[in-house]
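To start, the structure under review is shown below, and the notes come after it.
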Amino acid sequence: MQKDYVINKLKERGCRITKQRLLLLDIILNEECESCKEIYYKAMKADKGIGTATVYRMINTLEEIGAISKKNMFKIGISAA
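Per the numbering used here, residue 4 is the first one in the sequence shown, and the count goes up by one each step.
See below:
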């Protein structure tokens, strides 16, 4: 449910839903991560072509759509907004 919600919000924002974005979303949803660097290393195991900039852009985008916040950085939550 959360994944579908976030994907819909990304689409509403005009973002393409790429394999790399889906990979990062899965990592954020299913694994304990405390930093962008940790997400990057986990993503690199699955996709050697992913870059740190991709990770940081995805985190920023998720924050902009309200899916994550700085206080609870890497846990996706659905806000009522």
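Don't be surprised by glycine CBs; every beta carbon is placed ideally from N, CA and C.
As the structure is a computational prediction, the values presented were derived from the model and not from experiment.
Under a three-way DSSP split, which group does residue i fall into?
i: Ala83; result: Bear in mind that a pLDDT of 44 at Ala83, under 50, signals an unreliable position, so the number given afterwards is only what the model happens to contain. Ala83 falls in the coil class under three-state DSSP.
i: Arg19; result: coil
Rounded to whole angstroms, what's the CA-CA distance from residue i to residue j? Just pull it up for me.
i: Asp7; j: Lys48; result: 24 Å
i: Ile68; j: Gln23; result: 18 Å
i: Cys39; j: Lys51; result: 16 Å
i: Gly17; j: Arg60; result: 14 Å
i: Asn33; j: Glu15; result: 23 Å
i: Val58; j: Leu13; result: 15 Å
i: Tyr44; j: Thr64; result: 19 Å
Just tell me which of the options has its CA closest to the CA of residue i.
i: Ile71; options: Ile53, Ala56, Ile31; result: Ile31
i: Ile2; options: Thr64, Leu27, Ile62; result: Lying outside 4 to 84, the shown extent of the chain, residue 2 is not represented and no answer is given.
Could you name the residues of the same chain whose beta carbon sits closer than 7 Å to that of residue i, not counting the 5 residues immediately before and after it, in chain order?
i: Ile10; result: Ile20
Who are the near neighbours of residue i in its chain, counting only those whose CB is closer than 6 Å to its CB and skipping five residues on each side?
i: Ile42; result: Ile30, Cys36, Val58
Worksheet item: In chain order, which alpha helix (DSSP H) runs of at least 4 residues are fully inside the region 22–81?
Response: 22–33, 39–49, 55–67
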